[in-house]
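**Q**
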Amino acid sequence: MGARQGTTSRPEPAGGLAGRESEVGRVLDAIERGRGTPRALLVTGEAGSGKTSLLEVAAEHARVTGARVLRAQGFDGESEQSFAALHQLLLPLIPDAADLPGHLREVLETAFGLAPITRPAEPMLLRVAVLTLLAEASRRRPVVVIGDDVQLFDRDSLDVLGFVLRRFAAEPVTVLLAARGLTPPDPAVAHLPVLALGPLAVHAAARLLDAQPDSPTGRARSEILDRADGNPLAIIELCRSVRSGSPLGQVDGTLPQTQRIQEMFAAQLRALPAVTRRMLLYAAASSDQEDLRTLMSAAGVDADLSVWAAAEDAGLITITGRHVGFRHPLVRAGAYQGAPAHLRQRAHADLAAVHRDDPARQAWHLAAACIGQDESVAATLEDTAELVERRGGFYAAARALERSAECSPAPEDRARRYAKALRAANNAGDTFWVRELHAEVTALTEDRDLLGVAANGAGLALSMSGHQREAFQLLMGALEPDLPQDARTTLAVTAVLGAVAFQSGLPEVRRPLVPLLDAIETGAVSTPYSELVEDEAVDALRAVVLCEADPAGNAPALLSRTRRPSLLEPLTGIAEMIRLQTLGAVAWMADESDLCVDAFRRAFAVLRSYGAIGTGAIALSAMGSALIDVGRWAEADELLDEAATLAAVQKMKHIEVDVEALRVTLQALRGDLADAGIVTDPAWTAVNLEENTATHARLLRAAGTVAAAAGDHEAALRHFRRLFHQDGTPLHYFLSHRSIADLAAAARRTGRQAEVAPVVEAVRTALGPRTTTRMTLLLHHADALVGDPARAEHHFRLAVVNPAGDEWPLARAQARLHYAQWLRRRRRPLDARPILTSAMEAFSRLGGTVLADEARAELRASGVAAPPDGPDPLAELTAQQRRIVRLAAQGLGNREIGEKLQLSPRTIGSHLYQVYPKLGVSSRHQLRDVLGVL
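If you count the sequence shown from 1, position 832 lands on 837 in our numbering, and the numbers rise without skipping.
1) Cβ of R821 within 7 Å of Cβ of D596?
2) Quick check on Q586: buried or exposed, where buried means 16 or more other Cβ atoms within 10 Å of its Cβ?
3) Specify the secondary structure class of D811 as computed by DSSP and reduced to three states.
4) My assumption, with CB atoms under 8 Å, is that A837 sits in contact with L828. Please give the rounded CB distance.
5) Which whole-angstrom value describes the C-beta separation of E28 and L200, a residue pair presumed to lie in contact below a C-beta threshold of 8 Å?
6) Helix or strand or just coil, what does DSSP make of Q342?
7) When the Cβ atoms of the segment 82-101 are set against those of the segment 147-158, are three or more pairs found closer than 8 Å?
8) Should A211 and A648 be called a contact, given that it needs their Cβ atoms to be closer than 7 Å?
9) Quick check on this structure: which residue in A372, C412, A433 and K425 has the alpha carbon closest to the alpha carbon of F399?
10) For the candidate residues G118, L59 and G733, whose alpha-carbon lies nearest to that of A183?
11) Under the rule that 16 or more other beta-carbon atoms within 10 Å means buried, what is V381, buried or exposed?
12) At the level of alpha carbons, what is the spacing between P774 and A767?
13) Do A303 and L356 have their C-beta atoms within less than 7 Å of each other?
14) What are the residues that DSSP puts in a beta bridge with L47?
15) Checking 7 Å against the spacing of the C-beta atoms, do H737 and G510 come in under that value?
16) When you compare only the Cα positions, how much space is there between L502 and G482?
17) Are the beta-carbon atoms of V4 and A424 separated by less than 7 Å?
18) Evaluate contact between the segment 510-523 and the segment 688-700, counting only Cβ atoms and requiring at least three cross-stretch pairs below 8 Å.
19) Of all the options I36, T323, H328 and L740, which has the alpha carbon lying nearest to the alpha carbon of P147?
20) Would you decide whether V941 is buried or exposed? Buried here means 16 or more other CB atoms lie within 10 Å of its CB.
21) Taking A857 as the reference, give the member of S849, L864 and E863 with the closest Cα.
22) Between T710 and L674, how many whole angstroms is the CB-CB distance? I'm expecting something under 8 Å.
23) Just the Cα atoms here: how many angstroms apart are C601 and L694?
24) If we ignore side chains and look at the alpha-carbon of each, how far apart do E26 and L205 end up?
25) If you drop the 5 nearest sequence neighbours on each side, which residues of the same chain put their C-beta closer than 7 Å to that of F437?
26) Where does H328 fall in DSSP's three states?
27) Please classify H730 as buried or exposed, where buried requires at least 16 neighbouring CB atoms within 10 angstroms.
28) Considering only C-alpha positions, which residue in the set R754, A797 and L728 is nearest to V764?
29) Could you check the C-alpha separation between L790 and L782 for me, to the nearest Å?
30) Can you name, in chain order, every residue of its own chain whose Cβ lies under 6 Å from the Cβ of D379, other than the five neighbours on each side?
31) Is A193 near G167, with beta carbons less than 7 Å apart?
32) Just the C-alpha distance for T620 and R453, rounded to the nearest angstrom, thanks.
33) DSSP puts T323 in a beta bridge; with which residues?
34) Roughly how many angstroms lie between the CA atoms of V329 and L286, to the nearest whole one?
35) Could you have a look at L187 and say whether DSSP puts it in helix, strand or coil?
36) How big is the Cα-Cα spacing for L47 and G79?
Below is the structure:
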């Protein structure tokens, strides 16, 4: 999120290289290290993966830094011409050949056709001539050799390059080659280190898509991300197609054609036999899970796999087991859209015919073959959606329902089905698609229940995007002047209003919550919210809204009520997800952090089984905060990685900023100040903080924690103080209070206790006499730091003795540290020592290096020869390497770690190879022993 401290002056990745930052870094490292020693790298990847763009960045960087760039581009037409690629590469150096010894100059000029052939060719002399020419050029200034599409280089040029690459000694020469495919294209370059460009991570693909002019939103955006499969060129071209007005997507999700796609693949497709082209059309028209037998049966051909052979030989498809896969997402688009419309329609009709025993797939293909509207197709698709949703596919259900609505002849059926599609899209977490479907519903009906369903989804989508006031107005419009007839629809809308109230922190949004709940009488009526049929789910949802209205007054009592046996019994399906989410939310606001973590963890497991976090996204920030509070920092890392990807893909702005603030907070607690730049980051302007005070509070806490870790206590005080207004009332009615001890600690460090003492008293008054255990401990801690000095020890003791405080190890250790410091400064070192030891051990277990060092220094000052720093084994590693090591120690493989950190498995392996010697281990199995309990 913006520039960080310590970044080098390297070029920013171009638009087509979004998500390739680590690969750009590796290429530029090769150039910079090549100044003293030879460096070589072979970049591999499928068409459109960014190889050429990566080489362009490298070439520009080399030129800017004063290197001489020699380039060659492989071409089909020159692949059989001897030394054609070598000629391109060395053409700028031909004038320098005059300084070579005569026999070397002659053989070089002869090979390039610049001199007549006077004697038989001597291959070894030519190799030595090229080696000498490059070595001499590099003595004047560094040389960077760049070759693109090396698989199209002529064999003679590759032989010479292979010879030269194996014999560079200390010349400042860097060689960067790129080849299509995933393996080296020729033995001559097979010995080079390989940098493989795989598909972009999902969040990086979303960033690239959003960087395109007039980037698509809603379902079109999701379809492009799905079908492009992380290929940068596919993303760019399909965005261009949508922008030009091409209709996006048949019902089966196939994508439109562009002129560039036609140019890329038309010749290859036209060269195939007619039967193979027909088979590719049927494969493109079907889903990825379709088996070969079904495809061939639909196309009316026998079981002879030779019909696919020409496409396999051309590298367009792969056949593994019983399935066919396209090697490039744009090949699929080209095979489908390159066929005439009547053949596409026939393919879908044939595929529907062979799926008589699979109503879901049959319905899709009937819809794709359907022209206009057909109620039978619409009804079948609606039934299919219900089946798919029960199987756990929110996204597929939403697509089926949207298509069902499009096929519906009657406006009332269209509105009803669009509303159901909106609910499914909302559960899938696609905020822009929800807003598009909301527009369809409101244009078709004035039915209060349907409008309530539509407002529910659209209001949550607006809230996720950071537009709290707009969400409030939309939701109240669905509730006024008359409530929906279905009480459970009213409850669902009110629940979203509660989420908006919490995120906004605005009193006018919280005010209607309790009156709305009082007006709801849930009876045995038909409802679109099947998950709210059970009274237990209704009661749980009511409890959350009451907590959001007044957490201090309601949360502890409601948690006790929520824990009664009838509400702890698991429900089924989405109702269980609702129960767990509400239990987690109530536990969080009641400061029962362990219960909160457990409930949310189980809720997210249910959501993942449906293929999407969806509406659970509103709980991600709370879950991340709770994990930090209870000391499960490695788990917090994983959750925040997942949340960051989800927020970037679905453009959930306030979630994205919340996650960044929590990440920075966690890094600062660990002593990693690389992200201190958050204070000036775009995070502060990504959403309107006046209507997103929860996000504002998280940002202020992050900035204060960073400042405190850096020793800038004046800045820490400034940030923490902004969590409260001048009169001591909180910026956010729940989150601000949880930083009261941090504020008091900063005030104590700066000698400004008198300024903060009234704020502490205001918090105590606001929370009342029956506050949570956690807040009681925090207030005692704060009072000890800034309150009456005569009662400081009394408050310190109350802050550290209650065993319930062990649930929050960081806050407990900080209270012990401050108490011990207070004791030592009153010449009571013997009393301070055991408390300091306990604090130091807690900070070390958590990984809070700065705080552990502070406790260790205090221990030494108290007269104890503190144990050797027992230095953090990860101290010498970069922040990224530390995260990789922690995940590897948990048993994750390179691919799993790469998916979490948006890096390639090869990059993960390279990092682990570099850190093993630093940690004194030789394999990943020893990492857990080195790190202990993470």
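C-beta atoms are modelled at their ideal positions from N, C-alpha and C, and glycine is treated no differently.
**A** Once the coordinates are examined:
1) On the sequence shown, residue 821 is found 816 positions in, with the first residue counted as 1. On the sequence shown, residue 596 is found 591 positions in, with the first residue counted as 1. No, the pair does not count as a contact, with Cβ atoms beyond the cut-off.
2) In the sequence shown, counting from the first residue as 1, residue 586 sits at position 581. Label assigned to Q586: buried.
3) Residue numbering aside, residue 811 sits at position 806 when the sequence shown is read from its first letter. Correct three-state label for D811: helix.
4) Reading the sequence shown from its first residue, position 832 is the one you call residue 837. Reading the sequence shown from its first residue, position 823 is the one you call residue 828. Between L828 and A837 the Cβ distance is about 4 Å, and since that is below 8 Å, they are a contact.
5) Counting from 1 along the sequence shown, the entry for residue 28 is found at position 23. Counting from 1 along the sequence shown, the entry for residue 200 is found at position 195. Their Cβ separation, rounded to whole angstroms, is 6 Å, which keeps E28 and L200 in contact under 8 Å.
6) If you number the sequence shown from 1, residue 342 lands on position 337. Three-state DSSP puts Q342 in a helix.
7) yes
8) On the sequence shown, position 206 is the one that residue 211 refers to. On the sequence shown, position 643 is the one that residue 648 refers to. In this structure, A648 does not lie closer than 7 Å to A211 by Cβ.
9) Counting from 1 along the sequence shown, the entry for residue 399 is found at position 394. The residue with the shortest Cα to Cα distance from F399 is A433.
10) Within the sequence shown, numbered from 1, the residue matching residue 183 stands at position 178. Of G118, L59 and G733, the residue nearest in Cα terms is L59.
11) Working through the sequence shown from its first residue, we reach residue 381 at position 376. A small correction: the amino acid at residue 381 is Ser; Val does not occupy that position in the sequence shown. Flag for S381 reads exposed.
12) Translated into the one-based positions of the sequence shown, residue 774 becomes position 769. Translated into the one-based positions of the sequence shown, residue 767 becomes position 762. The straight-line gap from Cα to Cα measures roughly 13 Å.
13) Numbered from its first residue, the sequence shown carries residue 303 at position 298. Numbered from its first residue, the sequence shown carries residue 356 at position 351. With respect to L356, A303 sits close: the two C-beta atoms are nearer than 7 Å.
14) As a position in the sequence shown, residue 47 is number 42, starting the count at 1. In the DSSP assignment, L47 forms a beta bridge with L182 and V199.
15) As a working note, residue 737 is residue 732 in the sequence shown. As a working note, residue 510 is residue 505 in the sequence shown. Result yes, Cβ atoms of H737 and G510 sit closer than 7 Å.
16) For the purposes of this step, residue 502 is taken as the residue at position 497 of the sequence shown. For the purposes of this step, residue 482 is taken as the residue at position 477 of the sequence shown. L502 and G482: Cα-Cα distance of roughly 12 Å.
17) The chain is shown from 6 up to 939; residue 4 falls before or after that span and cannot be answered.
18) yes
19) Taking the first residue of the sequence shown as position 1, residue 147 is located at position 142. The residue with the shortest Cα to Cα distance from P147 is I36.
20) Since the displayed the chain opens at 6 and closes at 939, residue 941 lies outside it and no answer follows.
21) For the purposes of this step, residue 857 is identified with residue 852 of the sequence shown, where counting begins at 1. Out of S849, L864 and E863, S849 has the C-alpha closest to the C-alpha of A857.
22) Within the sequence shown, the letter at position 705 stands for residue 710. Within the sequence shown, the letter at position 669 stands for residue 674. Indeed, because the Cβ distance is near 6 Å, the residues count as touching under 8 Å.
23) By one-based count along the sequence shown, residue 601 stands at place 596. By one-based count along the sequence shown, residue 694 stands at place 689. One C-alpha to the other measures close to 26 Å.
24) Here residue 26 corresponds to residue number 21 of the sequence shown, with the count starting at 1. Here residue 205 corresponds to residue number 200 of the sequence shown, with the count starting at 1. Computed Cα separation, rounded: 11 Å.
25) Here residue 437 corresponds to residue number 432 of the sequence shown, with the count starting at 1. Within the same chain, F437 has close Cβ partners T222, G223, R226 and K656.
26) For this step, residue 328 is matched to residue 323 along the sequence shown. Correct three-state label for H328: strand.
27) Along the sequence shown, read from residue 1 onward, the residue named residue 730 stands at position 725. By the neighbour-count rule (16 or more Cβ atoms within 10 Å), H730 is not buried but exposed.
28) What you label residue 764 is simply residue 759 of the sequence shown in a count that begins at 1. The candidate whose alpha carbon is nearest that of V764 is L728.
29) Along the sequence shown, one-based indexing puts residue 790 at 785. Along the sequence shown, one-based indexing puts residue 782 at 777. The alpha-carbon atoms of L790 and L782 are separated by roughly 13 Å.
30) Here residue 379 refers to the residue found at position 374 of the sequence shown. C412, listed in sequence order.
31) Your numbering for residue 193 matches position 188 in the sequence shown. Your numbering for residue 167 matches position 162 in the sequence shown. Their beta carbons are under 7 Å apart, which means A193 touches G167 by this criterion.
32) Counting from one through the sequence shown, the residue named residue 620 turns up at place 615. Counting from one through the sequence shown, the residue named residue 453 turns up at place 448. The straight-line gap from Cα to Cα measures roughly 23 Å.
33) Within the sequence shown, numbered from 1, the residue matching residue 323 stands at position 318. G330, per the DSSP bridge assignment.
34) To locate residue 329, count along the sequence shown from 1; it is residue 324. To locate residue 286, count along the sequence shown from 1; it is residue 281. Distance between the alpha carbons of V329 and L286 is about 12 Å.
35) Position 182 of the sequence shown, counted from the first residue, corresponds to residue 187. L187: coil per DSSP, three-state reduction.
36) The residue you call residue 47 lines up with position 42 of the sequence shown. The residue you call residue 79 lines up with position 74 of the sequence shown. Approximately 14 Å, taken between the alpha carbons.
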